[in-house]
Each structure stands twice: as C-alpha cells, then as structure tokens.
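A quick write-up on the structure given underneath.
In this note's numbering, the protein residues as written are 8 to 549.
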C-alpha cells in the first residue's frame, strides 16, 4: 500500500529556532508555546544538523544561515556554498586569473580608484574579512595605487558590538600596504540594517542612503571609521553595530572616496539577497526609478558571485555560484504535482528563490503559486509577531481549498526578531509562531494532510553571549551581552501525522541527518520516488 494523502503535505519552517539544553538566554524554551511543546512530546522528533559541512560551508565552526539552509532543504543534497566557493577560488588564485578581475584592475591602474563595498566581519554568512584582505593584497601586487573601502558593520552574524575588532584588522592591513605611492583607506560605511543591505526590494530608502554615502560621499564627516563608531556609540546609548548610522570619511572637509567615472567597484558580499539592490542601482539604465541617483558614475562593476542566476544580477562576477539542479521543486513540477510557497517579504525569497536552487522563476506557471505577504517596515523588536497572523490567514484558507499537494511556509520570527538581541521581543516572536501552529495544524487534520515542522538554523535559543562555563558575558558597564548571530545548534524536525498513513512508514530515529535529508523525505510522503543524487529519506516505508 503506497503513501497517499487526501490533504497536503505541509513543510513548516520556523526560521531561526534551534534546540539547546541550556535555559540561560534561551527564548525558545522560555516562551509560552503549548502547541509546540505538545507536538514535540507526542510526535516523532529528530534533531537535524543545520550548519557547517551539512549545508556546504567550509567547516563545522561555521554557522548556518537561511540562504544555505533553504538551498539544502530544496536541493536534497549538499553543495559548496558562497563562503567555501570564494575561499577555494582565492586559495587557487582562480579569482585573480579571471577576466573580470583583470578588467577591474585595468580600470583602477588607468587613472581610476578601486572600491570595495561589503560587510566587514568574519561571520561567513554574507562575507568574510579575509576575502577582502586578500583582494587588497593582490590589487597592490598588480599595481593598483588607489583603493577605497566602504565597510558595512555587522553586529548580527558576529558579536553585537564587535565592529572595532574588524576595523582595527582592516586598518592594520591598510597600514602595511600603504607607501609613498599607494593610497588605500576606508571611505564610508554604516550599520548593515541602516545602510545599503536591504533585501527583496522591500526598503529602497536603505539603498538610497547607501548610494548617497558610498557613491556621492554625502553624510556626516569623520576623520576615520573608529572615530565614527565611537562617536555614534556615545551619542546613541546601547546602539549595536548593525544599527549604527552612516558615516563618510573626510580630509580637509571633503570626502576621501566618492565613486567617479572610470573607477572599479567590487561588492565583496558572496550572499545574494542583500546584494542585489545596490547592484541594480549601479547597473540599471535611465529607466531606474527606485530613487534619484543624482548621478550615475560610469564604472566597471562586479559582484563576488552571481546573485541571481535567472535575472543575471550582476552582469559580471568574480566567482561562479554552485549550479544547483534536480531540486525538489523541479521534480514535483515535472510530475505535475501542485506546489504553494508562502511567507512574508523577509523570507519570501527563501521559500522560492533559495528553495529552488537560486532560481527566481517558477518551474511550472500552471501548477505553482507563490504568495508574498508584505512585511512591515518597522523594527522587528517593536512588532515581533511580524506577519505571522496574516500568513496563517492565507495558509489556512489554502489548506481548506486543498489544491496543492505540497505546501511550504516560512515564519521568520525566530530569526528576524532574534537578530535584534532583545530577549523579551524574541519570546513574543516564538509565541506568535506557536499561535500560528495552533491554527494551522487542525486545518491540516481536517483535510487529511500531514506536516513536517522544522527550522533552517538556530538563533532564538541563544540570545546571550555565554562563556565556556555557561556564565552570561557582560560589557564594561555590566550590561548583558546579547547574541545577535545564528547558532551551531541542531534544529527540530517533527513529523505531525494523524492520518492512517502514519502506519505505513516509520521515522528513522538515527543520528546524522541534516537539512538535505528533508527533500527525499517529502518526496516519499508525496508518493514520488526520490532522486538517486539526493541524500536519503528520514522515513522508511513499512
């Protein structure tokens, strides 16, 4: 007897919710979440690896993230991801042998300036400072005499107030490289959640501010990045790096690094979601209307990777991205199985673009529906429930319509609110997801479906920086040091099934499964033979 459901198989991704036995700083355990507690207790629960080598990152010291997590879930196998691809390309010198790199260097050697824009940290989620430092070294070796760096400050994938560590590291390298004919320096910057790094075309004002800051050199002048950071911290008590205002470095009252005709520009982020809008602003013609660019310099522009393979953003890039094919979405489309993907703006691209192997378009216009619930442009800590209710309203309606055998949904709360570092708000975010599940699961039962409830990486379960002995770290003023980055913890995977089909399979309660095992599992539940190239299913048919 084959597995066949009257209702949909629903993949519910509780973004940013991992599993940790530690109660200290654990917003997930502290939250009032009766529905989640019940299903964790009553239904089969596996712990999946969601970081490091299990999602294609260089080592198990590397935190997972939503991009690589959704890639792994949708792909059914592990691909080398952005950080690893770039590291390998730099180690082999392949990047510096590419025509794109040579063209950028030629532009800078022929009277132009070489500009580097990107996230300055070693978080290895969007970028890595080591990649920047190696490119600066190589640029000097190849005769580039003038370079300007426009660092975006992290405090999200790394410690919330760690920016000066990376600025000091960069300044030290610049000091080593500079001489009587070499002029490399920091030109502008700002916190990543204030300047430049918007995603999913949700808030162009962030990108406009970045354009004014990096390109036009408009903004508050400081003698250096260190002075800017220290001044803002004094003026804005409690501010963390990701929220620091924009700054411009000046000499004699003028910005040191505006972007001009003939310059070369490298966006050194390897992750695509927060790199596309600035790229579009640089590469678009006069039809661009997202904001007034004032002037558009004629530059040689390249991204670290191709951020969107369908839309070809950017036109030029330094390292080729992984070619992800044979995804779950593609297989189901080939079989004529209807699919629904839904989330709010903050994670809409994750259940579509990233889930489909970095593909923007649908595999089947006839059998797929993508629904984006527009996110509010409000600080997440001020509205930690985000759009969970609105997502649930639409999702429950779609479940009752029962048109799509496979549905995937992402609730961003544990991740987006967790990144704020504010415990109280994150607890509310988790509770909002629990309320959503309380409404969704009965709907699934009524139509004879089942759900796999999981996450893409951890975050909300580690809200405080802890020492090795489990003690809470504090700063010089005694304030608890919030942890705003992801974690290395496993994530839950619950098999919620109240149909007769639950007697037709058993969950393999083994260790070693990761996010990439979900595709084969879902395929099996949908009655489709998993692809041979995928990692194995977590269920065994009886």
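Just so it is clear, CB atoms sit at the ideal spot from N, CA and C, and this is done for glycine as well.
Practice problem: Determine which residues share a DSSP beta bridge with residue 348 and list them. | Solution: 377, 415
Self-check item: Sequence-distant residues of the same chain with beta carbon closer than 8 Å to residue 51, five excluded per side
Solution: 501, 502, 514, 516
Practice problem: Pull up the distance between the alpha-carbon of residue 208 and that of residue 22, whole angstroms please. | Solution: 20 Å
Quiz item: Nearest to residue 17 by CA position, among 437, 447, 470, 545, is which residue?
Solution: 447
Quiz item: Of all the alpha helix (DSSP H) runs that stay within the bounds of the segment 263-344, which reach a length of 4 or more residues?
Solution: 283-290, 335-341
Practice problem: Report the option in 161, 113, 255, 259 whose CA atom is closest to the CA atom of residue 219. | Solution: 255
Quiz item: By the 10 Å Cβ neighbour count, where 16 or more other Cβ atoms means buried, how is residue 508 classified, buried or exposed?
Solution: buried
Exercise. Could you please give me the residues that DSSP links to residue 498 through a beta bridge?
Key: 55
Self-check item: Helix, strand or coil at residue 45 [DSSP, three-state]
Solution: helix
Quiz item: When we look at the beta-carbon of residue 453 and count the other beta-carbons within 10 Å, is it buried (16 or more) or exposed?
Solution: exposed
Quiz item: Which runs of the beta strand (DSSP E) fall wholly inside the segment 393-453 and span at least 3 residues, in chain order?
Solution: 413-418
Quiz item: DSSP three-state call for residue 206: helix, strand or coil?
Solution: coil
Exercise. Can you grab the Cα-Cα spacing for the pair residue 184 / residue 147, in whole Å?
Key: 7 Å
Quiz prompt | Own chain partners of residue 531 with C-beta closer than 8 Å, once the 5 adjacent residues on each side are dropped | solution = 10, 512, 537, 544, 546, 548
Quiz item: If you run the structure through DSSP and keep just helix, strand and coil, what is residue 1?
Solution: Past the boundaries of the shown model lies residue 1; the chain is included only from 8 to 549, so the question cannot be answered.
Practice problem: Indicate the three-state DSSP secondary structure (helix, strand or coil) for residue 552 in the structure shown. | Solution: Outside the displayed range of the chain (8 to 549) lies residue 552, so it cannot be described from this structure.
Self-check item: Where residue 100 falls, given that 16 or more other Cβ within 10 Å makes a residue buried
Solution: exposed
Practice problem: Output the distance between the C-alpha atoms of residue 172 and residue 243, rounded to the nearest integer angstrom. | Solution: 20 Å
Self-check item: Whole-Å CB distance - residue 348 paired with residue 415, under 8 Å assumed
Solution: 5 Å
Quiz prompt | Given residue 303 as reference, the closest of 310, 265, 14 once Cα atoms are compared | solution = 265
Self-check item: Residue of 198, 24, 120 minimising C-alpha distance to residue 34
Solution: 24
Quiz item: Given a threshold of 16 other Cβ atoms within 10 Å of its Cβ, counted over all protein chains shown, does residue 259 qualify as buried or as exposed?
Solution: exposed
Quiz item: For residue 162 versus residue 195, is the C-beta distance shorter than 9 Å?
Solution: no
Quiz item: Is residue 544 helix, strand or coil by DSSP?
Solution: coil
Quiz item: Among all the DSSP beta bridges, which residues are the ones paired with residue 158?
Solution: 125
Practice problem: Could you name the residues of the same chain whose beta carbon sits closer than 8 Å to that of residue 480, not counting the 5 residues immediately before and after it, in chain order? | Solution: 471, 472, 473, 474, 487, 488
Practice problem: Would you give the residue range spanned by the alpha helix (DSSP H) that residue 99 belongs to? | Solution: 89-99
Quiz item: Are the segment 121-130 and the segment 338-347 in contact at 8 Å, needing three or more beta carbon pairs?
Solution: no
Quiz item: Which residue from 29, 72, 81, 75 puts its Cα closest to that of residue 338?
Solution: 81
Self-check item: Three-state secondary structure (DSSP) of residue 512
Solution: strand
Quiz item: From which residue to which residue does the alpha helix (DSSP H) around residue 213 run?
Solution: 211-217
Quiz prompt | Rounded straight-line distance, which links the Cα of residue 364 to that of residue 44 | solution = 33 Å
Quiz prompt | Three-state class that DSSP yields for residue 168 in the structure shown | solution = coil
Exercise. Go through its chain and collect everything with a Cβ distance to residue 180's Cβ below 6 Å, but skip five positions before and after it.
Key: 140
Quiz prompt | Cβ shell of residue 540 (< 8 Å), same chain only, five flanking positions each side left out | solution = 83, 84, 333
Quiz item: Nearest to residue 525 by alpha carbon, out of 542, 518, 510?
Solution: 542
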